[in-house]
Structure formats: C-alpha cells, structure tokens
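What follows is one structure encoded as structure tokens, with my remarks underneath.
Number of protein chains: 2
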Amino acid sequence: MALIVKKFGGTSVGTVDKIKNVGERVKATLEKGNDVVVVLSAMSGDTNRLIGLANEASSRALGTPAYDMILSSGEQVSIGLLALALSEMGIEATPMLGWQVPIVTDSMNCSARISEIKTEGILGELKKGRVVIVAGFQGVDPEGHITTLGRGGSDTTAVAIAAAIKADLCEIYTDVDGVFTTDPSICKEARKIEKISYDEMLEMASLGAKVLQTRSVEFAKKYDVPLMVRSSFSDREGTLVCKEDKEMEKVAVSGITYNKNEAKISVVRVPDRPGIAAMLFKPLTEKGINVDMIVQNISHAGHTDMTFTVLKEDYPRAFDIVKEIADDIEAENVDGNTDIAKISIVGAGMRSHAGVASLMFETLSGNGVNIQMISTSEIKVSCIIDETQTEKAVEVLHKAFELGKNEVKEEVGI
Amino acid sequence: MALIVKKFGGTSVGTVDKIKNVGERVKATLEKGNDVVVVLSAMSGDTNRLIGLANEASSRALGTPAYDMILSSGEQVSIGLLALALSEMGIEATPMLGWQVPIVTDSMNCSARISEIKTEGILGELKKGRVVIVAGFQGVDPEGHITTLGRGGSDTTAVAIAAAIKADLCEIYTDVDGVFTTDPSICKEARKIEKISYDEMLEMASLGAKVLQTRSVEFAKKYDVPLMVRSSFSDREGTLVCKEDKEMEKVAVSGITYNKNEAKISVVRVPDRPGIAAMLFKPLTEKGINVDMIVQNISHAGHTDMTFTVLKEDYPRAFDIVKEIADDIEAENVDGNTDIAKISIVGAGMRSHAGVASLMFETLSGNGVNIQMISTSEIKVSCIIDETQTEKAVEVLHKAFELGKNEVKEEVGI
Numbered sequence: 068m069a070l071i072v073k074k075f076g077g078t079s080v081g082t083v084d085k086i087k088n089v090g091e092r093v094k095a096t097l098e099k100g101n102d103v104v105v106v107l108s109a110m111s112g113d114t115n116r117l118i119g120l121a122n123e124a125s126s127r128a129l130g131t132p133a134y135d136m137i138l139s140s141g142e143q144v145s146i147g148l149l150a151l152a153l154s155e156m157g158i159e160a161t162p163m164l165g166w167q168v169p170i171v172t173d174s175m176n177c178s179a180r181i182s183e184i185k186t187e188g189i190l191g192e193l194k195k196g197r198v199v200i201v202a203g204f205q206g207v208d209p210e211g212h213i214t215t216l217g218r219g220g221s222d223t224t225a226v227a228i229a230a231a232i233k234a235d236l237c238e239i240y241t242d243v244d245g246v247f248t249t250d251p252s253i254c255k256e257a258r259k260i261e262k263i264s265y266d267e268m269l270e271m272a273s274l275g276a277k278v279l280q281t282r283s284v285e286f287a288k289k290y291d292v293p294l295m296v297r298s299s300f301s302d303r304e305g306t307l308v309c310k311e312d313k314e315m316e317k318v319a320v321s322g323i324t325y326n327k328n329e330a331k332i333s334v335v336r337v338p339d340r341p342g343i344a345a346m347l348f349k350p351l352t353e354k355g356i357n358v359d360m361i362v363q364n365i366s367h368a369g370h371t372d373m374t375f376t377v378l379k380e381d382y383p384r385a386f387d388i389v390k391e392i393a394d395d396i397e398a399e400n401v402d403g404n405t406d407i408a409k410i411s412i413v414g415a416g417m418r419s420h421a422g423v424a425s426l427m428f429e430t431l432s433g434n435g436v437n438i439q440m441i442s443t444s445e446i447k448v449s450c451i452i453d454e455t456q457t458e459k460a461v462e463v464l465h466k467a468f469e470l471g472k473n474e475v476k477e478e479v480g481i
Numbered sequence: 068m069a070l071i072v073k074k075f076g077g078t079s080v081g082t083v084d085k086i087k088n089v090g091e092r093v094k095a096t097l098e099k100g101n102d103v104v105v106v107l108s109a110m111s112g113d114t115n116r117l118i119g120l121a122n123e124a125s126s127r128a129l130g131t132p133a134y135d136m137i138l139s140s141g142e143q144v145s146i147g148l149l150a151l152a153l154s155e156m157g158i159e160a161t162p163m164l165g166w167q168v169p170i171v172t173d174s175m176n177c178s179a180r181i182s183e184i185k186t187e188g189i190l191g192e193l194k195k196g197r198v199v200i201v202a203g204f205q206g207v208d209p210e211g212h213i214t215t216l217g218r219g220g221s222d223t224t225a226v227a228i229a230a231a232i233k234a235d236l237c238e239i240y241t242d243v244d245g246v247f248t249t250d251p252s253i254c255k256e257a258r259k260i261e262k263i264s265y266d267e268m269l270e271m272a273s274l275g276a277k278v279l280q281t282r283s284v285e286f287a288k289k290y291d292v293p294l295m296v297r298s299s300f301s302d303r304e305g306t307l308v309c310k311e312d313k314e315m316e317k318v319a320v321s322g323i324t325y326n327k328n329e330a331k332i333s334v335v336r337v338p339d340r341p342g343i344a345a346m347l348f349k350p351l352t353e354k355g356i357n358v359d360m361i362v363q364n365i366s367h368a369g370h371t372d373m374t375f376t377v378l379k380e381d382y383p384r385a386f387d388i389v390k391e392i393a394d395d396i397e398a399e400n401v402d403g404n405t406d407i408a409k410i411s412i413v414g415a416g417m418r419s420h421a422g423v424a425s426l427m428f429e430t431l432s433g434n435g436v437n438i439q440m441i442s443t444s445e446i447k448v449s450c451i452i453d454e455t456q457t458e459k460a461v462e463v464l465h466k467a468f469e470l471g472k473n474e475v476k477e478e479v480g481i
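Chains A and B supply the protein sequences, listed in that same order.
Count along the first sequence starting at 1, add 67, and that's the number in my numbering.
Count along the second sequence starting at 1, add 67, and that's the number in my numbering.
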C-alpha cells in the first residue's frame, strides 16, 4: 500500500482510446492496494492548435495572461476525459484544475514558478477512496489568474505534487522505456539503466538525454521524491531516479551523452589581466546568449587563450559580439568552429574511482578521436571533439566503460 | 456614457477573424464613451467537438462534473482570444471565467441555476478603464466545482451580469436582425419589431420564435434589464425588449407565431368526475412528457371530451399511456392527430383592445382554415389548425392585423 503519483504526457493521452489505456494502468495500480494521483498533459495536438489560435489573434500573445488562459484549457479537457473513462470502468475520480488544488505560482505567465501547493483538497479526495486527476502544466497566481509553468511543466507539476503529498513514488510515463546508458539510436549496445542518482540524471538531462526536464529532476532532488521513468506503451520497469546509494558508487560511469547543438569560439592570445573574462561574457549574457563550457589555460608571456561553447543557433551573433570586444581587450584573433560535438561520461562513482578520466582520454585517442577541449565536474567529464566522430566516440566509450547489454558491470578501477 | 453588456454567440466567434470583428464592435462602442462588458459563447464547432470527446469517453457523461469541466473549456478559449485580439487593437481587456467573476450557481451539472454574481471584480476592472470579457454558459458551485447553465446559457449569463452590475443595456448579438412580426421565411411581409415587451417576447419565444431563450427573457423581466436583440453581421438597430409602455398598448397584436412540432390527443366521452384530469396528466408528467395546450369544454349527459397537445416526438409514448388510462377512467375512445400546427397571435395591446380574437377566428374561417382547438392567455390567442394550412394562416393573419412592412400601424379597434 503506497501513495503513487503517475504522470502521462500528451502522446499518452492523444486520443480517447489512449486515455482509456491510461485508465487501465490506473486501475492496475489501484488493484495492488495503492492510492493514486494522476497528472496529465493536454492531448497531443491540442496544445499546438491552441497556440496557433492565440498567435492568429495577436502577434504578442506569448507571455500574456490570456495566452495562459487559452493554453490551460487543454489539460482541462484531458483530465475531464480521464475522469469519465474511469467512471465508465467503475472507478470514482475527481479531476482538479490548477486553481482548484490550488497550485499557487508567481505571476510570470508562460513560465511561472510554483510557490505553494495546498494539499487538503487532494488528500481529502484520496481519503474518500477516490482517484485524484490533476491538470499538469498550470497553476494560479495569488490574484486568481491562471498561469502556466512553461516547457516540461507537467513533469514539474507531478514532482511538486508528489513532494507536497509525500508520495512514495512519482512515475513519469513517456514514450521510451527509461533512461539509457547512451542513445540507443546510435549505439546498439545501449542498455536501460535500472537506477540512477538525481545528480547523474541532471547531468544526463542537461547534456542531451531528453527524457526528463532538468527542472523536475531538481525539484525531485530537493524534496527527495523517487522518480520512475517508464514507458506508457509497455509494462517493463523503467529507470528509478533517486538519492545516491552505496550501490551506485560501485559503478564508475552510468552513462554517455553527446550534444551536437553547440559551437565553439576561441579568443586567441588575450593579455592576461584581471577582468578580461567579465568583459567577454557580460555582453553575451546581456544579449541572452547562454555560454556553456568555458576553458582557460595557464598563460604564456602574459597572454592566454579563452575558449567557450554556445548553442549553434546563437553562434553568428555571439561571434560578432566577441569579435568587437576582442579589439578592445587587445586579443590577437577570434577563431570559431561549428562542426563540433560534446561527448560526456557521467557517473556518481567517479568520485571514488581513480582513472576514469584517463580511460576516457586513452579510449578516444586510441581510436583516432582528437580531443579539442576538456571540462570536468565532480560527476562528469566532457570533451569537445569533431562532430563527424560523435557516433564512433560514443560506441568506443560505451565499450570501454563496459556499459553494454551483455557486459557484467563491475568496478572500473583503473 | 452608458454601461453596456454585449453578448456574442458561437457563430459570431466561430473563427479568429470573426473574433476580430467582435473586437471592432467593442471598439466602436467604447469610442462612443461607453463602458463595455462582453459575454461570449464557445467558438461554434468547439462545443460539438468537446461533447463528442466526452461521449466517446463515457456513455453516461452528461450531467457529471467532468462533463461540465470539459465543456467549459470552450469559452475559456474564446474569451482568451478576444482579449488577445483587443490587445492587438490597443484595447486593454480582462478575460474572466465563471469561477473568477465568480458566478455562483447550484450544483446541478449541465443545468445549473445562478444563485449569486459577485460584482466587485468586474466593476474594479471597468474602473481601471478595461473591457471585461466574461465566459458565458459557465459558473462555479459553492464547493468550487465548475458548472454549466444548459441550453441558451450564455444569454442567461449576459442578462444576469447586466442585472448584477446594473447595466443600461444588454445587447444580444445573433444571426438575425431582431425579432420579426412573423417568420420571414414563410411571409414576405414580415417586419422587424422595434420594441416589444418582456411578456410578449416570452410568448413569442415559447411559441416558436427562436431568437432568445425563454429563461434569459424571464431573467431580464425579473430584473428589468432592457435587452436589444441584433445582428452581429450588420449595423442595423435590432429589437428592444423592455418593460411594457403606453406606446405598446396602442398595438393590439405584435406578432404571429406558429409551431409544427406538436401533436394532439383527445380522450372522448370521459365521465365528468372530479380527479379525472389529474389521473390523466400525472402519469404523463411522471414519464417526462410535457403537455402544452389543454382544452376541456362543458359536459353533456355527464360526459366531457378532453384534448391536449404534446411534442410530436413524445406522441407515440403519450398515446400509449393515455390509451391505458382511458379504460380505467371509462372513456369511450382515444383519438390522435400529428398533422396539426399551432398558430398564435401575441400582443400586450390585446388587454385593452376588444375583438382581437374574433378578428383572428373570422380571418381564418373566411380563408377556409378550420379551427380545431382554441386556447387563450392574457396576451395571446392560439389555435390548432391543419398543418398543411400553416403558411396560408400566417399570411392572412399577418395581413388582417396590418403587421406588414408597408402598412401604417394603427389601432385595430374592432
């Protein structure tokens, strides 16, 4: 007997038949003696239809209260339909909109942050033996206006509800079986991970594994909500995202990710003076350009090189801005390259395992992959390589760290 | 400078372009120095789509809270879109859902009755110089569940809001130019009525003029809200529905209506005992069959005939029920006829004009139309005639009471 939050995305509720399937899953969980809260997105297609209408009505619709009012009607339909489908199966359910829970947020339309979730309503309905169906993605601000949480908002709703009602588990249903050791589409040996820590998942998510939104993982970590990522189209167990435990430390590397969406810019032979980095990056930030990896090495003869990566779509703008600053700070030259990829190994076990980074470097160089930049954090090592070598790099690293389906996992211990 | 409530139905907001037209009308009213509250229905088509989804999810969807939650998402979209369209035109507007106003109702899902409208929110926004856009058709019950008002609900919302905020006028935009002296599709001479009393409008509405829902007219009468029925596709003045005044009394007959949707049933030679009528009509009411006209004449030799009309769709059921009772109450026979029409003349002036009914009877008989039944109220006379003579009857009565376009209206005074 547990309290379980189950979240289903837009494709899982895309038709009434699929909504009935969601009903069957809810029923199965109830029959095992659990209490269930369901969080739903809008039916796939509905959100795009509503966005289209809003943009047709005004060219400045995004970010307005009216836009959020329109968009939030999508989940209103899907949760009502699931309540009807469950009632048809003899299961009593209470659909609740953001303002009915209430899920209180700030007033930032289209990207509101949750400030409070009142739980009496949900807990009261559960106590009556009913299933509670909460509209994902939406909330209400202190003035009673509808808000939406932005991209991945339904995941955030699910995790926040789970945290607030102290659920035993929050299941995120998606269209893949879970989190994989690497992208199965480029590495046949990719294996589903059974258990991964929040921090590893955060590195995996922000590095390119598109299964869970970073924000919902941060939320889960903060409130210690165990997350299960699993497929809505199969009964297979998914990947459990939870607090780090002893077992996880035994594995040096949990997964390998790659990202082909970045470009690099190098400012060559900058005089090594205090304040140079700030002069370079402040204007980029002000123009809304996100800088990812930054590498600066020791200086020679009073000069140093500064290299960083930005999103490919921001590259032309970023290059022009940097070019202008380069003259002011008396740099010799500005170089750029868009044909790069970032490849990373992620693992909480790295902390206690020596030699993880060297095995990565050795494996890449041993296979003819040149490393252009290196950056590390406590639980990941990232290298910038030539874009054309991405697939090869993933494959050889996956093998070197013994992540494959048919390998027995053991300590890497190099 | 007046406070005006404008209500637009589903066809008037069926596309974003039509919603922009509604915006233009709002702008024109504002530019004359008025304050404006707009009440909208859902976009035409949207309601049917939502009903379809709900019925696909459950065969017993109607009347449930989930059904109302789903349906009420329709106006959520249309009011949001109008707010966006107005903002694009430089006009600030606040869209408000039923629960945001709030429009408090009882908990009868799908046919809720309004119990209270809190006006602070609407008046506060108006004071800020904003247009307020209220979602029609929906409310919220005391427990915070969304309800809907049933058929014609948006008209009711508009009139109720107008009453609550003491608006100077409530304009109901529809797809016709106003209320006509009779159906223009069967009588070329039909003329738009400039002014009509609530009571006349109620008789017109319930007798078959499909312009305004009876419930909203009753509401308008109760709270003395002047209603203007007008076209959303032209700038012509519509029909003003208001309190009876001296001018109206000068006109004996304001309009002629007909209804082909009824059938009649006669119970022949019933022993004239107390309680017979109750024995006859109670079982019909209990089976949900509405009885309209009832005629019982004086009795002969202890026996009388009892005739009444029901909706054609209820006729077979009603006939069977009455047949069964006829034996119990020792009636000689039960007769029925579905090929009938009810034709009525309506006018507040009848009270002060003699001879209105006789002119009706004379006109019909003079033109070979046989009258099968007669029923009168204070401001109307209805006759049951053969269905095939409907058009002819309308035409000759319209002429006899000088309702036509080219006639000078004067007292009938017969």
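All residues carry an ideal CB built from backbone N, CA and C; glycine is no exception.
All values derive from a computational prediction rather than experimental measurement.
In the DSSP assignment, the beta strand (DSSP E) including residue i goes from what residue to what residue?
i, result
"A/Arg297", "294-298"
"A/Val362", "358-363"
"B/Glu91", "Run containing B/Glu91: none in the beta strand (DSSP E); it sits in the alpha helix (DSSP H), 83-98."
"A/Gly119", "Where A/Gly119 is concerned, there is no enclosing beta strand (DSSP E), although the alpha helix (DSSP H) it sits in stretches over 113-124."
"A/Pro162", "160-163"
To the nearest angstrom, how far is the alpha carbon of residue i from that of residue j?
i, j, result
"B/Ser125", "A/Ala150", "9 Å"
"A/Ile481", "A/Arg116", "Because the pLDDT at A/Ile481 is just 33, under 50, the model does not fix this residue reliably, and the point stays unresolved."
"B/Met268", "B/Tyr382", "28 Å"
"B/Ser442", "A/Trp166", "53 Å"
"B/Ile228", "A/Arg180", "34 Å"
"B/Gly493", "B/Val292", "Past the boundaries of the shown model lies residue 493 of chain B; chain B is included only from 68 to 481, so the question cannot be answered."
"B/Glu477", "B/Leu464", "Because the pLDDT of B/Glu477 is 42, which lies under 50, any placement of that residue in the model is unreliable, and the number read from its coordinates should be weighed accordingly. Computed Cα separation, rounded: 15 Å."
"A/Leu120", "A/Ser111", "16 Å"
"A/Val479", "A/Phe468", "Legend: pLDDT at A/Val479 = 37, less than 50; position of this residue unreliable, value from coordinates given subsequently. Distance between the alpha carbons of A/Val479 and A/Phe468 is about 7 Å."
"A/Ala345", "A/Ile396", "11 Å"
"A/Ala287", "B/Glu91", "49 Å"
"A/His212", "B/Ile170", "16 Å"
"B/Cys237", "A/Ile158", "44 Å"
"A/Pro350", "A/Ala393", "12 Å"
"A/Glu311", "A/Gly416", "10 Å"
"A/Pro132", "A/Asn176", "6 Å"
"B/Val106", "B/Lys194", "18 Å"
"B/Asp235", "B/Gln280", "20 Å"
"A/Val423", "A/Gly191", "51 Å"
"A/Asn437", "A/Tyr325", "15 Å"
Quick check on the DSSP output: the alpha helix (DSSP H) that includes residue i runs from which residue to which?
i, result
"B/Ser333", "No alpha helix (DSSP H) holds B/Ser333; the beta strand (DSSP E) holding it covers 329-338."
"B/Gly141", "140-155"
"A/Asn437", "Segment: none, A/Asn437 is in no alpha helix (DSSP H) and carries neither H nor E."
"B/His465", "457-467"
"A/Thr352", "343-353"
Comparing alpha-carbon positions, which option in the options lies nearest residue i?
i, options, result
"A/Ser108", "A/Ala202, A/Ser301, A/Ile451, A/Ile170", "A/Ala202"
"A/Glu155", "A/Lys94, A/Ile451, A/Ser140, A/Glu256", "A/Lys94"
"B/Ser221", "B/Ala319, B/Lys74, B/Met440, B/Asp387", "B/Lys74"
"A/Glu304", "A/Gly245, A/Lys466, A/Ser425, A/Ile365", "A/Gly245"
"B/Gly206", "B/Ile184, B/Gly196, B/Ile146", "B/Ile184"
"B/Phe348", "B/Lys317, B/Glu391, B/Glu329, B/Arg336", "B/Glu391"
"B/Arg418", "B/Ala128, B/Val318, B/Ile451", "B/Val318"
"B/Gly217", "B/Asp135, B/Cys254, B/Ala257", "B/Asp135"
"A/Lys466", "A/Asp242, A/Leu426, A/Cys450, A/Asp453", "A/Leu426"
"B/Tyr240", "B/Ala69, B/Cys450, B/Ser79, B/Met440", "B/Ser79"
Is any non-hydrogen atom of the ligand ADP found closer than 7 Å to the C-beta of residue i, if you look at the structure I gave you?
i, result
"A/Glu397", "By its list of ligands, the structure shown contains no ligand whatsoever, and the ligand ADP lies outside what it can speak to."
(Q) Just to confirm the assignment: which complete alpha helix (DSSP H) runs, minimum length 4, are found wholly within the segment 182-226 of chain A? (A) Runs of the alpha helix (DSSP H) inside the segment 182-226 of chain A: 187-194.
Q) Relative to chain D, which residues along the segment 77-88 of chain B have a C-beta separation below 7 Å, given in chain order? A) Protein chains A and B are contained in the structure displayed, whereas chain D is not.
Q: Please list the segments of the alpha helix (DSSP H) lying wholly inside the segment 253-294 of chain A, counting only runs of 4 or more residues, in order along the chain.
A: You should have 265-274, 281-290.
(Q) For the pair the segment 400-407 of chain B and the segment 422-432 of chain B, tell me if three or more CB-CB distances fall below 8 Å. (A) The segment 400-407 of chain B is not in contact with the segment 422-432 of chain B.
Q: Check whether the segment 322-339 of chain A touches the segment 354-371 of chain A, counting contact only when three or more Cβ pairs, one atom from each stretch, lie closer than 8 Å.
A: The segment 322-339 of chain A, when compared against the segment 354-371 of chain A, does touch it at the 8 Å Cβ threshold.
Q. At which residue ranges does the segment 364-409 of chain A contain complete beta strand (DSSP E) runs of 3 or more residues, listed in the order of the chain?
A. Listed in chain order, they are 370-378, 400-404.
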